[in-house]
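Peer 1: This note's numbering puts the sequence shown at residues 15 to 258.
Structure in structure tokens, see below.
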Amino acid sequence: MTPVDLDSLDLSALLCSRVCHDVISPVGAIVNGLEVLEDESDTSMREFALELIGKSAKQASARLQFARIAFGAAGSAGASIDLADAEKVSRGMFGDEKTQLTWSAPQALYPKNKVKLLLNLVMIATSTIPRGGLIDVVVRGDGEAPTIVIKSKGSHARIPPHVEDLIAGTPENGSVDAHSILPFYAGLVARAAAMNVRFRIEGDEVTIDAEPVAVSVEPTVAPARQPVEDTRPSDSEPPETSLA
Numbered sequence: 015m016t017p018v019d020l021d022s023l024d025l026s027a028l029l030c031s032r033v034c035h036d037v038i039s040p041v042g043a044i045v046n047g048l049e050v051l052e053d054e055s056d057t058s059m060r061e062f063a064l065e066l067i068g069k070s071a072k073q074a075s076a077r078l079q080f081a082r083i084a085f086g087a088a089g090s091a092g093a094s095i096d097l098a099d100a101e102k103v104s105r106g107m108f109g110d111e112k113t114q115l116t117w118s119a120p121q122a123l124y125p126k127n128k129v130k131l132l133l134n135l136v137m138i139a140t141s142t143i144p145r146g147g148l149i150d151v152v153v154r155g156d157g158e159a160p161t162i163v164i165k166s167k168g169s170h171a172r173i174p175p176h177v178e179d180l181i182a183g184t185p186e187n188g189s190v191d192a193h194s195i196l197p198f199y200a201g202l203v204a205r206a207a208a209m210n211v212r213f214r215i216e217g218d219e220v221t222i223d224a225e226p227v228a229v230s231v232e233p234t235v236a237p238a239r240q241p242v243e244d245t246r247p248s249d250s251e252p253p254e255t256s257l258a
């Protein structure tokens, strides 16, 4: 299947749409809470509104901090990102009563695209367990050649439809929309970071593996030996004679 070459304007528009989708819900809840504070005089309702505002503000902040690293520049071109920051925004985004997150990674700076790939794969992992569960993130190796293993375990675990084709850049219908932009973008980041991504499922556990692209080295072929011209006289040629 022919890879999809998404226009840069369409890519930025779809990513913005994704970020807005994630943030609009908690922001809307903040607005609702403020309206309750304005209209209600009942103490219990006002307490409920304040609790709603506080919780929603934390959610909105967590999602924006996550998006800043996962989708944004997060520094100048070629910058590195601390894996501790990646863990912090991931816990803020996904660590709740529905989904538990465990994290094992070096305390080190990694190339920006590899950290962006890690965060996008964590987000994809949450979609593999729609009813919640446990997400275990393990990162090994240095920043130049890391291996990432993300395991998500929960009821009704599944590999989302077409996610592997989207990461490969070859969506089945030949187009990308706001619902499919995340895995498509993860594939773009994976190729930029020279990483391969694979999915597998066993029972109620989905595993996402990401590892450096293997570089094949072509064997060196020695040049063919050229035949050496025989300059010796042939037996059929008459011997040279000297004149006295």
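Using N, Cα and C, we set each Cβ at its ideal position, and we do this for glycine too.
What is the DSSP secondary structure of T113, counted as helix, strand or coil?
Peer 2: Looking up residue 113 in the sequence shown gives position 99. In this structure, T113 counts as strand in the three-state DSSP scheme.
Peer 1: Alpha carbon to alpha carbon, what distance is there between D179 and T161?
Peer 2: Here the question's residue 161 lines up with position 147 in the sequence shown. Here the question's residue 179 lines up with position 165 in the sequence shown. Cα to Cα, the separation comes out at about 21 Å.
Peer 1: Just tell me which of Q121, S104, P120 has its CA closest to the CA of Q114.
Peer 2: Residue numbering aside, residue 114 sits at position 100 when the sequence shown is read from its first letter. The candidate whose alpha carbon is nearest that of Q114 is S104.
Peer 1: Note down, in chain order, each residue of its chain lying with its Cβ closer than 8 Å to the Cβ of R60, except the 5 sequence neighbours on either side.
Peer 2: As a first step, residue 60 must be located in the sequence shown, where it is residue number 46. Excluding residues within five positions, the ones whose Cβ falls inside 8 Å are V50, L51, E54.
Peer 1: Cα separation between A71 and L48?
Peer 2: The residue labelled residue 71 in the question sits at position 57 within the sequence shown. The residue labelled residue 48 in the question sits at position 34 within the sequence shown. Cα to Cα, the separation comes out at about 12 Å.
Peer 1: Over what stretch of residues does the beta strand (DSSP E) that includes I149 continue unbroken?
Peer 2: Mapped onto the sequence shown, residue 149 falls at position 135. Counting along the chain, the beta strand (DSSP E) containing I149 begins and ends at 147-154.
Peer 1: For M137, which option in A81, E111, Q73 has the closest C-alpha, if you only look at C-alpha atoms?
Peer 2: Residue 137 sits at position 123 when you count from the first residue of the sequence shown. Nearest of A81, E111, Q73 to M137, Cα basis: A81.
Peer 1: So what's A159 in DSSP terms, helix, strand or just coil?
Peer 2: Position 145 of the sequence shown, counted from the start, is the residue given in the question as residue 159. Note: A159 maps to coil in three-state DSSP.
Peer 1: E178 lies in the alpha helix (DSSP H); which residues open and close that run?
Peer 2: Here residue 178 is taken as the residue at index 164 of the sequence shown, counted from 1. Run containing E178: 177-181, per the alpha helix (DSSP H) assignment.
Peer 1: Can you tell me which of the three DSSP states R214 falls into?
Peer 2: Here residue 214 refers to the residue found at position 200 when the sequence shown is read from its first residue. In the structure shown, R214 sits in a strand (DSSP, three-state: E or B).
Peer 1: Does DSSP put A119 in a helix, a strand or coil?
Peer 2: Residue 119 sits at position 105 when you count from the first residue of the sequence shown. The answer is coil: DSSP assigns A119 none of H, G, I, E or B.
Peer 1: For the candidate residues R145, L23, F62, M209, whose alpha-carbon lies nearest to that of V227?
Peer 2: To locate residue 227, count along the sequence shown from 1; it is residue 213. Taking only the C-alpha atoms, the option nearest V227 is M209.
Peer 1: What is the C-beta distance between L135 and I222, in whole angstroms, given that I count them as a contact (C-beta under 8 Å)?
Peer 2: Residue 135 sits at position 121 when you count from the first residue of the sequence shown. Residue 222 sits at position 208 when you count from the first residue of the sequence shown. Going by Cβ atoms, the distance from L135 to I222 rounds to 5 Å, so yes, they are a contact pair.
Peer 1: Does the Cβ-Cβ distance between I149 and S166 come in under 8 Å?
Peer 2: To locate residue 149, count along the sequence shown from 1; it is residue 135. To locate residue 166, count along the sequence shown from 1; it is residue 152. Against a cut-off of 8 Å, the Cβ pair of S166 and I149 comes out as a contact.
Peer 1: If I measure Cβ to Cβ from V152 and keep anything under 6 Å in the same chain, skipping five residues before and after, which residues do I get?
Peer 2: To locate residue 152, count along the sequence shown from 1; it is residue 138. These residues qualify, in order along the chain: S118, V163.
Peer 1: Would K130 and I181 be called neighbours here (beta carbons separated by less than 8 Å)?
Peer 2: Start at 1 with the first residue of the sequence shown, and residue 130 comes out as number 116. Start at 1 with the first residue of the sequence shown, and residue 181 comes out as number 167. Not a contact, by the Cβ cut-off of 8 Å.
Peer 1: Which residues mark the beginning and the end of the alpha helix (DSSP H) in which A100 is found?
Peer 2: As a working note, residue 100 is residue 86 in the sequence shown. Per DSSP, A100 belongs to the alpha helix (DSSP H) from 97-108.
Peer 1: Applying the 10 Å Cβ sphere with the 16-neighbour rule, what's the burial state of E186?
Peer 2: Within the sequence shown, the letter at position 172 stands for residue 186. Under this definition E186 is an exposed residue.
Peer 1: Could you tell me the boundaries of the beta strand (DSSP E) in which D223 lies?
Peer 2: To locate residue 223, count along the sequence shown from 1; it is residue 209. Its beta strand (DSSP E) spans residues 219-226.
Peer 1: Looking only at its chain, what residues have a beta carbon closer than 6 Å to the beta carbon of V177, apart from the 5 residues adjacent to it on each side?
Peer 2: As a working mapping, residue 177 is identified with position 163 in the sequence shown. Excluding sequence neighbours, V177 sits near P197.
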